[in-house]
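Scroll down for the structure; my scribbles are underneath it.
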Amino acid sequence: MTSSRTLHRWTRRLFRAPVKLYRLRLGWLFGRRLAMVEHLGRRTGHLHQVVLEVVELDPATGALTVASGFGPKADWYRNLRAHPATDVVIGIRRIAVRAEPVPTETGAEIMRGYARRHPRTARRLAGFLGYELDGTDDDFAEFGRTLPFLRLIPDGRKSITRPA
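Residue 164, in full-length UniProt numbering, is where the sequence shown stops; the numbers in between run on with no holes.
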């Protein structure tokens, strides 16, 4: 039998593996589905990194939309709310962005669109987070209303996490 501490250690390693790949400049392996967000700690000001799934990408503006599956208490989400100016690495490209919260109803529509594009992944995500969905558009929209979304909008300034 595996202890919960060992299981936690392996789960943490699994979730942190994409960060290590981005650090090795292998982010291109994930295409545009994942992005590494570099954010400053709200209390310490230290640099943190997290890899998130891009639920929507606006080709016209380059804005990325991400969701906090673990709700508004996730550290990366709280850090971006406290310090919205940050950097994102998508593929091998670094972009300076500003994080803006997405209204609840817009989040519902974003999740509805995501579920249409990636039905199996959307259903698995919901199941992983403890939701049982029937697979309808309305059900995915309702699920989307429960998630906090952030839009990461390119703002043209220099990187805050990497010196010039």
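Glycine is no exception: its CB is placed at the ideal position from the N, C-alpha and C atoms.
Item	Value
Below 8 Å on the Cβ atoms is my contact criterion, and I expect residue 152 with residue 88 to pass it. Report the Cβ-Cβ distance as a whole number of Å.	5 Å
What span of residues does the beta strand (DSSP E) with residue 98 cover, start to end?	93–101
In the DSSP assignment, the alpha helix (DSSP H) including residue 143 goes from what residue to what residue?	137–145
How big is the Cα-Cα spacing for residue 142 and residue 63?	23 Å
In whole angstroms, what separates the C-alpha of residue 121 from that of residue 107?	17 Å
Thinking just about the alpha-carbon of each residue, which of 94, 41 and 65 is nearest to the one in residue 23?	94
My understanding is that residue 66 touches residue 149, with C-beta atoms under 8 Å, so please give their C-beta distance in whole angstroms.	7 Å
Report yes if the C-beta distance between residue 76 and residue 50 is below 8 Å; otherwise report no.	yes
Which of helix, strand or coil does DSSP assign to residue 44?	coil
For residue 60, does the count of other Cβ atoms within 10 angstroms reach 16, so buried, or fall short, so exposed?	exposed
Taking the alpha-carbon positions, what's the residue 40 to residue 82 distance?	9 Å
If you run the structure through DSSP and keep just helix, strand and coil, what is residue 3?	Reliability fails at residue 3, whose pLDDT of 42 lies under 50, so the model's placement of it is uncertain and the value that follows must be treated cautiously. Coil, per DSSP.
Tell me the rounded alpha-carbon separation between residue 111 and residue 46.	31 Å
Given that a residue counts as buried once 16 or more other Cβ atoms are within 10 Å of its Cβ, and exposed if not, what is residue 104?	exposed
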